[in-house]
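For the sequence shown, the tail end lands on 340 under UniProt numbering, and the numbers increase by one without skipping.
Yeah, the Cβ is synthetic: ideal placement off N, Cα and C, and Gly gets one too.
One structure is given below, encoded as structure tokens.
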Amino acid sequence: MPVISTPHAFNEGSLFVDLEPVFGHRLYLKCEGFNFAGSIKLKAANEMVESAERDGSLTPDSILVESSSGNLGVALSMIAASKGYRFLCVTDSRCNLSTKLLMEALGSHVHVVTDLDANGGFLGTRLEYVRALCASDDRYVWLSQYTNAGNWRAHFRTTAPEIASQFPRLDVLFVGTGTAGTLMGCARYFREWRRPVRIVAVDSMGSVAFGGTPGRRMIPGLGMSMRPPLLDESYVDEVVRVEEADTIRTCHRMARRGFLFGGSTGTVVSAATDWLSRHGTRGLTAVAIAPDLGERYLDTIYQTNWLQDLYGENLLGSAEVDNAWQEDSASRGQGNRRSP
Ligand SMILES: Cc1ncc(COP(=O)(O)O)c(C=O)c1O
């Protein structure tokens, strides 16, 4: 029976979902949403805060500041509340409303930037704001998840060994890329491991993390409007880019089986199932990482109007729509689209 006295002391590290019944591929999904911050970012937040405490840069007078698309902001809000630090999160208009409300409920301040940067994203604008704050008052402490080695070290110490201990014969690992903290921590761990593991990085179309042309991205978490400073491509065997439409279809397909995951999980699973279809799965052990759960995306990925406004009427095909409902509404002459 785990009994805790601080919220960051608990994190479920050994839960995997077998996705074969949903997609027909032998693919295990490591679930990182079962902690009080609700995402994988708790690990990076913990490691970066503890390291700043150890090196003396974070003191009781400090005001933590961080640029985050949301999940790191929630994790830092939780840790700051628990440890008595003040925290200001700089995010952008793509941040989910529920994520922003969560941070505020935990006592943090949230600043939302709305101006696009030169790459068509918000990261440049967010970083500019953080730098200006830090220059204005030396009580601000910026952990800088984009450059902080604690970000990848957290996954080297926790996520990767958690996978290795459950799957000693792992062949392929699919990891989504935002800051590249998860990717680099896992890739470094498996490079040193006794078995070679193929590392497949997953990015969203429109992200320039691995180069390419910037484009519109509406789903937070994965993708960057700059090259992630933590990224060392010599550790990555392959990069797969996923269209947002495929991300959404994959999220809905899992939801129809009762598994409500966040957007980046849809992206990673879409890449993994596509890769496994192309390469064949016989005898392969494949794992993908699910960074969070779906509740924070109810007003976006799981909301019909949002989907129709951004991606048009026909995004979700019959595979993602409940057949029983379809037959039922057809028999009543109401068409075949199910409302959420
Ligand atoms: C939902 C979600 N998925 C994936 C990621 C990417 O993880 P990383 O920054 O370790 O690359 C993030 C990072 O914020 C996230 O919030």
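Exposed or buried, valine 8, counting other C-beta atoms within 10 Å across all chains shown (16 or more means buried)? Counted from its first residue, the sequence shown places residue 8 at position 8. At residue 8 the sequence reads histidine, which differs from the valine that was named. So histidine 8 ends up on the buried side.
Under 8 Å: do the segment 162-171 and the segment 208-224 share three or more Cβ pairs, one atom per stretch? no
Using three-state DSSP, classify threonine 159 as helix, strand or coil. Translated into the one-based positions of the sequence shown, residue 159 becomes position 159. Of the three classes helix, strand and coil, the one that applies to threonine 159 here is helix, per DSSP.
For glutamine 303, is the classification buried or exposed, using 16 other Cβ atoms within 10 angstroms of its Cβ as the cut-off for buried? Numbered from 1 along the sequence shown, position 303 holds the residue referred to as residue 303. It counts as exposed.
For the candidate residues Val90, Pro214, Ala52, whose alpha-carbon lies nearest to that of leucine 143? Within the sequence shown, the letter at position 143 stands for residue 143. The residue with the shortest Cα to Cα distance from leucine 143 is Ala52.
Any idea what DSSP makes of histidine 252, helix, strand or coil? Residue 252 sits at position 252 when you count from the first residue of the sequence shown. In the three-state reduction of the DSSP assignment, histidine 252 falls in the helix class.
Just to check, is the beta-carbon of aspartate 115 closer than 8 Å to a non-hydrogen atom of ligand 1? For the purposes of this step, residue 115 is identified with residue 115 of the sequence shown, where counting begins at 1. Outside the cutoff, so no.
Residue from Cys31, Arg126, Leu307, Lys83 whose Cα sits closest to the Cα of serine 68: As a working note, residue 68 is residue 68 in the sequence shown. If we check each option's Cα against that of serine 68, Arg126 comes out closest.
Three-state secondary structure assigned by DSSP to arginine 241: As a position in the sequence shown, residue 241 is number 241, starting the count at 1. In the structure shown, arginine 241 sits in a strand (DSSP, three-state: E or B).
Taking glycine 176 as part of the beta strand (DSSP E), name the residues at either end of that continuous run. By 1-based counting over the sequence shown, the position of residue 176 is 176. Per DSSP, glycine 176 belongs to the beta strand (DSSP E) from 172-176.
Leucine 222, DSSP secondary structure in three states: Residue 222 sits at position 222 when you count from the first residue of the sequence shown. If DSSP states are grouped into helix, strand and coil, leucine 222 belongs with coil.
So the alpha helix (DSSP H) tyrosine 311 belongs to, where does it begin and stop? In the sequence shown, residue 311 corresponds to position 311, counting from 1. Looking at the DSSP string, the run of the alpha helix (DSSP H) that includes tyrosine 311 is 304-311.
Start-to-end residues for the beta strand (DSSP E) that takes in threonine 91: To locate residue 91, count along the sequence shown from 1; it is residue 91. Run containing threonine 91: 86-92, per the beta strand (DSSP E) assignment.
Provide the residue(s) that pair with glutamate 66 in DSSP beta bridges, ordered along the chain. Position 66 of the sequence shown, counted from the start, is the residue given in the question as residue 66. According to DSSP, which records beta bridges pairwise, glutamate 66 is partnered with Cys89.
In chain order, what residues of the same chain lie with their CB nearer than 6 Å to the CB of threonine 273, ignoring the 5 residues before and after it? Numbered from its first residue, the sequence shown carries residue 273 at position 273. Answer for threonine 273: Phe23, His25, listed in chain order.
Below 6 Å CB to CB, which residues in the same chain sit around leucine 316 once its five sequence neighbours on both sides are set aside? The residue given as residue 316 occupies position 316 in the sequence shown. Closer than 6 Å at the Cβ level, and outside the excluded window around leucine 316, lie His252.
Candidates Ala245, Pro220, Val242, Gly280, of which the one nearest serine 93 by Cα: On the sequence shown, position 93 is the one that residue 93 refers to. Comparing Cα-Cα distances from serine 93 to each of Ala245, Pro220, Val242, Gly280, the minimum goes to Pro220.
Could you say which of Arg131, Asn151, Leu29, His111 lies nearest to valine 49 if we only look at CA atoms? What you label residue 49 is simply residue 49 of the sequence shown in a count that begins at 1. Checked all of Arg131, Asn151, Leu29, His111; the closest Cα to valine 49 is Asn151.
So, is glutamate 244 buried or exposed, given that buried needs 16 or more other C-beta atoms within 10 angstroms? Stepping through the sequence shown from its first residue, residue 244 is reached at position 244. So glutamate 244 ends up on the buried side.
With a threshold of 16 other CB atoms inside 10 Å of the CB of glycine 335, please say whether the residue is buried or exposed. The residue given as residue 335 occupies position 335 in the sequence shown. With a pLDDT of 42 at glycine 335, under the threshold of 50, the predicted position of this residue should be treated as unreliable, and no value is reported.
For the candidate residues Pro2, Tyr28, Glu20, Phe10, whose alpha-carbon lies nearest to that of leucine 290? Start at 1 with the first residue of the sequence shown, and residue 290 comes out as number 290. Here residue 290 is alanine; the residue named in the question, leucine, does not match the sequence. Minimum Cα distance to alanine 290 is reached at Tyr28.
Opening and closing residue of the alpha helix (DSSP H) in which tryptophan 275 lies: Mapped onto the sequence shown, residue 275 falls at position 275. It spans 263-279 - the alpha helix (DSSP H) in which tryptophan 275 sits, taken as one unbroken run.
From methionine 218 to asparagine 35, what distance separates their C-alpha atoms? Mapped onto the sequence shown, residue 218 falls at position 218. Mapped onto the sequence shown, residue 35 falls at position 35. C-alpha separation (whole angstroms): 25 Å.
Under a three-way DSSP split, which group does phenylalanine 190 fall into? As a first step, residue 190 must be located in the sequence shown, where it is residue number 190. Here phenylalanine 190 sits in helix by DSSP.
Look at the alpha carbon of leucine 173 and the alpha carbon of proline 228, and state the distance between them as a whole number of angstroms. One-based indexing of the sequence shown puts residue 173 at position 173. One-based indexing of the sequence shown puts residue 228 at position 228. One C-alpha to the other measures close to 20 Å.
Own chain residues within Cβ distance below 7 Å of alanine 160, not counting five before or after: Taking the sequence shown and counting its residues from 1, the one referred to as residue 160 is at position 160. Closer than 7 Å at the Cβ level, and outside the excluded window around alanine 160, lie Gly185, Cys186, Tyr189, Phe190.
For asparagine 151, verify whether its CB is less than 8 Å away from any heavy atom of ligand 1. Your numbering for residue 151 matches position 151 in the sequence shown. It does: the Cβ of asparagine 151 is within 8 Å (strictly closer) of some heavy atom of ligand 1.
Of the residues Thr59, Asn305, Val3, which one's Cα is nearest the Cα of valine 141? Here residue 141 corresponds to residue number 141 of the sequence shown, with the count starting at 1. Per the Cα distances, Thr59.
Is it right to say proline 340 is buried, meaning 16 or more other beta carbons lie within 10 angstroms of its own, or is it exposed? Position 340 of the sequence shown, counted from the start, is the residue given in the question as residue 340. Note that proline 340 scores a pLDDT of 36, beneath 50, so its modelled location is shaky and nothing firm can be said.
Looking only at its own chain, which residues have a Cβ that is under 6 Å from the Cβ of arginine 257, when we skip the five neighbours before and after it? For the purposes of this step, residue 257 is identified with residue 257 of the sequence shown, where counting begins at 1. Contacts found: Val22.
Between the alpha carbons of threonine 300 and threonine 114, how many angstroms are there, rounded? As a first step, residue 300 must be located in the sequence shown, where it is residue number 300. As a first step, residue 114 must be located in the sequence shown, where it is residue number 114. One C-alpha to the other measures close to 18 Å.
On the DSSP bridge list, what partners appear for leucine 293? Here residue 293 is taken as the residue at index 293 of the sequence shown, counted from 1. According to DSSP, which records beta bridges pairwise, leucine 293 is partnered with Phe261.
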